[in-house]
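One structure is given below, encoded as structure tokens.
Number of protein chains: 2
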Amino acid sequence: MDIKAYLIERQRLLDEALEEYLPPADRYPVSIHEAMRYTVLNGGKRLRPIITMAAAEACGGKAQSVLPTACAIELIHTYSLIHDDLPPLDNDDYRRGKPSCHVAFGEAIAILTGDALLPLAFSLIAENLGTDGIDEARVIRVIKEVSNAIGSLGMVGGQVVDLETTPETVTPPLIQYIHTHKTGLLFRVATRCGAILVGVNEEELKSLTLYGENLGFAFQIVDDLLDFKTGKGKGGASYPGLFGIMTSKDKANSLLEQAISFLEGFGEKALPLESIARFIGDYMSSATNEA
Amino acid sequence: MDIKAYLIERQRLLDEALEEYLPPADRYPVSIHEAMRYTVLNGGKRLRPIITMAAAEACGGKAQSVLPTACAIELIHTYSLIHDDLPPLDNDDYRRGKPSCHVAFGEAIAILTGDALLPLAFSLIAENLGTDGIDEARVIRVIKEVSNAIGSLGMVGGQVVDLETTPETVTPPLIQYIHTHKTGLLFRVATRCGAILVGVNEEELKSLTLYGENLGFAFQIVDDLLDFKTGKGKGGASYPGLFGIMTSKDKANSLLEQAISFLEGFGEKALPLESIARFIGDYMSSATNEA
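Chains as they are written, first to last, in the working numbering: chain A, 91 to 381; chain B, 91 to 381.
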């Protein structure tokens with residue numbers, strides 16, 4: 091399949107939906123709505139929500155049926171970036187080449203922008219009813235899964251450990267914990283949500299979960315590799331910092347192969363998920379070889 | 091009824107439930123779990139969740155049936171206090187006589203503690219199924235209502251306007267907007283949730299909503315009056331700052347009377363809600379007269 095055309099089409103679909111779900115920029119109070127739109131509608135890759143839609147397709151559902159939940163996953167990702175970029179946390183002044191939210195709107199509005207995106211995400215999931223047999227019980231299961239994935243035992247917990255880990259104190263298990271929690275669990279739940287909503291048996295869900303976990307871990311290593319290359323990384327407290335560039339690339343490739351292996355039983359319907367994994371591998375190769 | 095005994099009993103019930111719902115303090119990563127427990131288990135009045143339970147009782151349900159959602163309302167309230175206290179926002183170093191979260195644990199952990207309490211709240215609502223006919227459809231309705239009440243068009247929006255309003259720019263409509271959004275909507279939804287979960291017709295729900303709105307507005311004026319008295323208030327940007335102490339007290343009393351008037355059709359079952367309103371009035375009188 092033409093994965094690049096597929097990704098572009100899905101990005102467009104998601105951008106249009108996000109644009110519609112976010113309150114307009116002139117809605118009172120204006121500053122927060124400007125900040126929400128500035129941070130969400132910023133040309134992101136939309137990888138996580140694309141995976142949610144592709145997981146629904148792998149289970150025989152329609153991508154469109156899980157669009158609100160896919161957008162919710164992207165809003166949660168955006169909220170986490172806004173808060174992570176804040177001065178007391180990672181103190182990043184740039185995000186995708188533009189001033190980060192707190193630089194553009196001030197720290198107070200940046201904190202509140204994250205605080206506004208999170209409930210908007212839950213309201214989108216709660217509205218995701220109707221097609222493909224999506225009923226209240228499935229929606230509630232998704233709400234439980236998402237809240238567990240992003241709380242103190244999930245994504246936020248990963249951020250805490252990242253914050254408290256320095257190049258001097260880092261160990262392989264700590265890196266593993268940070269990656270699994272800070273990035274991996276959102277990929278994992280992005281995959282599971284799409285499947286759960288359109289209907290999936292527990293056996294298939296287990297396979298898709300393993301796909302999501304391996305893909306998420308691989309993605310984080312790739313992300314670390316790019317940061318490492320541009321000098322933006324934390325030095326020792328990253329996968330390539332700890333294991334070196336070559337071992338990291340091998341690890342990412344083997345995780346992606348593993349991810350793909352869990353799609354075996356799904357046949358053609360899982361071609362998008364498979365192509366996404368291969369795309370990440372190709373992207374890593376081209377991005378890390380060009381230096 | 092003995093409202094003081096009632097409130098103490100309910101506080102105990104809520105404290106025990108919150109204690110159980112929060113991860114233990116020694117659960118990894120420890121700092122965030124210590125901070126979550128430090129901020130939530132701090133001897134708060136638990137007024138909002140008590141109203142959720144009392145609203146369930148007013149509709150003929152059991153208080154115990156809505157306990158997880160009541161706790162969720164309290165977690166949301168706590169998260170909003172933690173973020174409001176942060177230096178870029180209200181910069182309050184003390185909360186209920188103790189160092190606020192960012193003073194005790196640092197700004198980064200304080201931001202993340204709020205970020206962890208919010209999804210925990212949604213997961214508690216999602217788990218609130220079973221007794222008193224509480225089904226998935228009611229739970230989803232509550233999730234929608236809560237997320238709308240606390241987002242950029244709700245509580246967070248009120249915080250934004252509060253942040254951008256100074257004693258020089260404040261006007262009566264701005265004060266009204268801030269109070270309604272920053273405080274009122276959480277009281278309103280706390281009331282509605284309890285009713286919706288145990289089952290309520292739209293007519294009764296309308297009355298309880300008006301109870302919650304009036305009570306919330308009154309509570310905010312009382313809160314402003316206490317801040318005004320202790321010099322903690324923002325001067326002009328508060329109800330007593332704008333209208334004076336006497337007018338504010340009259341306004342609060344008349345709002346409380348109005349709140350009580352909407353309970354007429356409920357009979358004895360609404361006695362707790364009525365007594366809570368009277369209790370707030372008595373509390374205001376004694377607290378503002380003692381100076």
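By construction, the Cβ of each residue, glycine as well, lies at the ideal position given by its N, Cα and C atoms.
Problem - residue 134 of chain A, buried or exposed, once every other Cβ within 10 Å from all chains shown has been counted against 16 - result: buried
Problem - C-beta neighbour in chain B for residue 383 of chain A, strict 8 Å - result: Nothing in the structure corresponds to residue 383 of chain A, since chain A is present only between 91 and 381.
Problem - Start-to-end residues for the alpha helix (DSSP H) that takes in residue 267 of chain B - result: 262-268
Exercise for the section: Taking only beta carbons into account, state which residues of the segment 115-148 of chain B come closer than 7 Å to chain D, listed in chain order. Expected result: The structure shown contains no chain D; its protein chains are A and B.
Problem - chain B contact residues for residue 242 of chain A, given Cβ-Cβ distances below 7 Å - result: 113, 122, 123, 126, 206
Handout entry: Simplified DSSP state of residue 329 of chain B, which is helix, strand or coil
Key = helix
Handout entry: Near-chain A residues of the segment 145-178 of chain B (beta-carbon distance less than 7 Å), N- to C-terminal order
Key = 173, 176, 178
Exercise for the section: Quick one: residues in its chain with C-beta nearer than 6 Å to the C-beta of residue 160 of chain A, no 5 flanking neighbours on either side, listed in chain order? Expected result: 139, 142, 143
Practice task
Count the C-beta pairs between the segment 148-156 of chain B and the segment 339-359 of chain B that are closer than 8 Å, then say yes if the count reaches three, no if not.
Solution key: yes
Handout entry: Beta-bridge pairing of residue 189 of chain A - partner residues as DSSP gives them
Key = A/184
Exercise for the section: Identify the continuous alpha helix (DSSP H) that holds residue 334 of chain A and give its terminal residues. Expected result: Segment: none, residue 334 of chain A is in no alpha helix (DSSP H) and carries neither H nor E.
Exercise for the section: Examine the Cβ distances between the segment 311-322 of chain A and the segment 295-302 of chain A and report whether three or more of them are shorter than 8 Å. Expected result: no
Exercise for the section: Take every Cβ of the segment 230-243 of chain A, pair it with every Cβ of the segment 187-202 of chain A, and state whether three or more of those distances are shorter than 8 Å. Expected result: no
Practice task
Write down the C-beta distance between residue 201 of chain B and residue 265 of chain A rounded to the nearest angstrom, noting that I regard them as a contact closer than 8 Å.
Solution key: Their Cβ separation, rounded to whole angstroms, is 23 Å, which puts residue 201 of chain B and residue 265 of chain A out of contact at 8 Å.
Exercise for the section: May I ask you to report which of helix, strand or coil DSSP gives residue 92 of chain A? Expected result: coil
Problem - Contacts around residue 288 of chain B, its chain only, beta-carbon distance under 8 Å, and the 5 residues preceding and following it disregarded - result: 146, 149, 150, 151, 152, 155, 156, 222, 223, 224
Exercise for the section: Identify every run of the alpha helix (DSSP H) within the segment 151-228 of chain A, keeping only runs that are complete inside it and at least 4 residues long; order them along the chain. Expected result: 157-175, 191-195, 197-217
Practice task
State yes or no: is the beta carbon of residue 262 of chain A nearer than 8 Å to at least one beta carbon in chain B?
Solution key: no
Handout entry: DSSP state of residue 356 of chain A mapped onto helix, strand, coil
Key = helix
Problem - Close Cβ partners of residue 182 of chain A (< 6 Å) along its chain, the five nearest in sequence each way excluded - result: 175, 190
Practice task
Give the residues of chain B in contact with residue 234 of chain A, contact being defined as C-beta atoms less than 9 Å apart.
Solution key: 212, 213, 216, 217
Exercise for the section: State buried or exposed for residue 261 of chain A, treating a residue as buried only when at least 16 other CB atoms are found within 10 Å of its CB. Expected result: exposed
Exercise for the section: Check distances from the C-beta atoms of the segment 249-279 of chain A to those of chain B and list, in chain order, the residues that come in under 8 Å. Expected result: 249, 250, 251, 253, 254
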